[in-house]
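Each residue of the sequence shown is one higher than the one before, starting from 1 at the first, in our numbering. Cβ atoms here follow ideal geometry from the backbone N, Cα and C, with glycine treated the same way. I have placed the structure first, in the form of structure tokens, so that the comments after it can refer back to it.
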Amino acid sequence: MTDVVLPCRNEAPALPDLLARMPAGYRPIVVDNGSTDDSAAVARACGAEVISVAEPGYGAAVHAGVLAADPDDGVVCVMDADGSFDPAQLPRLVGPVAVGEAELGTGRRRPTAPGVWPLHARAANAFLAHRLRRTTGLDIHDIGPIRAVRRDDLLALGLRDRRFGYPLELLIAAGRAGWRVVEVDVDYHPRAAGTRSKVTGTLLGTARAVRDMGAVLAR
């Protein structure tokens with residue numbers, strides 16, 4: 001069994017379809033991070049394990065989900081809960097990690113329709129990825145919100161960021177630790193109707209993410 005951590009804040013409209021498409025052998029853990037809708041109830045009704053995290057922030061939700069994952073399962077995945085990724089593609093990331101070809105599998109977003117990835121968000125991602133390549137030497141092009149890694153390896157990195165800087169801190173730490181990192185193309189779909197991105201949905205959200213990631217780069 002592979003646990004899939006799904007950081008979640010007000011994603012109730014996306015959850016039924018997303019959870020129904022989870023592949024066999026993958027167990028969803030929905031981490032409710034201050035939702036004001038019925039995300040937690042919807043997730044439970046769909047059969048997912050649900051945990052609640054009071055501390056706000058993407059990194060706080062991911063960290064709590066990783067701690068809740070079964071330590072005996074080995075590989076844990078992280079994926080946004082907004083319906084923009086297809087759970088059926090998770091084995092693409094898990095495979096290299098499970099067979100020992102890589103310590104980290106991460107997704108490179110490939111939009112499936114115009115406007116899925118707004119220009120301001122794509123430009124910010126490209127800038128950060130360029131800085132990351134120069135800093136770590138990793139051949140990475142996306143600070144992606146979908147990844148697979150062994151739970152114990154991830155916790156051993158001691159990541160500290162609890163906000164939007166978490167994905168970048170992970171990649172920097174992986175590079176410094178000499179990890180083999182495999183970047184895999186994944187489809188990037190429109191978000192489920194009725195949900196809104198906390199990062200790409202607005203210029204302010206993107207600016208906050210860039211601020212958090214910039215702070216990580218400055219350490």
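Contact set for leucine 157: own chain, Cβ-Cβ below 8 Å, skip 5 residues either direction: To locate residue 157, count along the sequence shown from 1; it is residue 157. Excluding five sequence positions before and after leucine 157, the CB atoms of its chain that fall closer than 8 Å to its own CB belong to Leu170, Ala173, Ala174, Ala177, given in chain order.
Limits of the alpha helix (DSSP H) - the one that leucine 19 falls within: Translated into positions along the sequence shown, residue 19 becomes position 19. Element bounds for leucine 19: 15–20.
Taking the alpha helix (DSSP H) that glycine 83 falls in, what are its first and last residues? Sequence index remark: in the sequence shown, residue 83 carries index 83 (1-based). Segment: none, glycine 83 is in no alpha helix (DSSP H) and carries neither H nor E.
Are the segment 2–21 and the segment 69–84 touching, with three or more C-beta to C-beta distances below 8 Å? Yes, they touch.
beta-carbon aspartate 70 near the ligand ADP non-hydrogen atom, thresh 7 Å: With respect to the ligand ADP, the structure shown offers nothing to examine, as it has no ligands at all.
Three-way DSSP call (helix, strand, coil) for glutamate 55 in this model: For this step, residue 55 is matched to residue 55 along the sequence shown. In the structure shown, glutamate 55 falls within a coil segment according to DSSP collapsed to helix, strand and coil.
Is the beta carbon of leucine 104 less than 8 Å from the beta carbon of arginine 151? Position 104 of the sequence shown, counted from the start, is the residue given in the question as residue 104. Position 151 of the sequence shown, counted from the start, is the residue given in the question as residue 151. Taking 8 Å as the cut-off, the beta carbon of leucine 104 is found no closer than this to the beta carbon of arginine 151.
Alanine 102 and arginine 163 - do their beta-carbons sit closer together than 8 Å? Along the sequence shown, one-based indexing puts residue 163 at 163. Along the sequence shown, one-based indexing puts residue 102 at 102. Not in contact: arginine 163 and alanine 102 (Cβ atoms no closer than 8 Å).
Tell me, please, which residues DSSP counts as bridged to isoleucine 29. Numbered from its first residue, the sequence shown carries residue 29 at position 29. Isoleucine 29 is bridged to Val5, Glu49.
What number of angstroms, rounded off, separates the C-alpha of glycine 34 from the C-alpha of histidine 120? Looking up residue 34 in the sequence shown gives position 34. Looking up residue 120 in the sequence shown gives position 120. Cα to Cα, glycine 34 sits roughly 26 Å from histidine 120.
Is glycine 201 helix, strand or coil by DSSP? Numbered from its first residue, the sequence shown carries residue 201 at position 201. Low confidence applies here, because glycine 201 scores a pLDDT of 49, under 50, leaving its location unreliable; read the following figure in that light. Correct three-state label for glycine 201: coil.
Taking 8 Å as the cut-off, does the segment 51–62 touch the segment 24–38 (at least 3 CB pairs, one atom from each stretch)? Yes, the segment 24–38 touches the segment 51–62.
Apply the 10 Å Cβ neighbour rule to alanine 14 and answer buried if 16 or more other Cβ atoms are within range, or exposed otherwise. Walking along the sequence shown from the start, residue 14 turns up at place 14. Classification for alanine 14: buried.
Determine the direct distance from the alpha carbon of leucine 155 to that of alanine 61, and round the result to whole angstroms. Counted from its first residue, the sequence shown places residue 61 at position 61. Counted from its first residue, the sequence shown places residue 155 at position 155. Rounded to whole angstroms, alanine 61 to leucine 155 spans 14 Å at the Cα level.
What ranges does the beta strand (DSSP E) occupy inside the segment 69–143, keeping only unbroken runs of at least 3 residues that lie completely in it? For the segment 69–143, the continuous beta strand (DSSP E) assignments of 3+ residues that do not extend past its boundaries occur at 75–79, 104–111, in sequence order.
Element boundaries [alpha helix (DSSP H), containing aspartate 152]: Position 152 of the sequence shown, counted from the first residue, corresponds to residue 152. Unbroken alpha helix (DSSP H) run through aspartate 152: 151–156.
Taking only the alpha-carbon atoms, compute the straight-line gap between glycine 201 and proline 118 and give it to the nearest angstrom. For the purposes of this step, residue 201 is taken as residue 201 along the sequence shown, with counting starting at 1. For the purposes of this step, residue 118 is taken as residue 118 along the sequence shown, with counting starting at 1. Here the model assigns glycine 201 a pLDDT of 49, short of 50, so the residue's position is not dependable and the matter cannot be decided.
DSSP state of glutamate 169 mapped onto helix, strand, coil: Residue numbering aside, residue 169 sits at position 169 when the sequence shown is read from its first letter. Helix.
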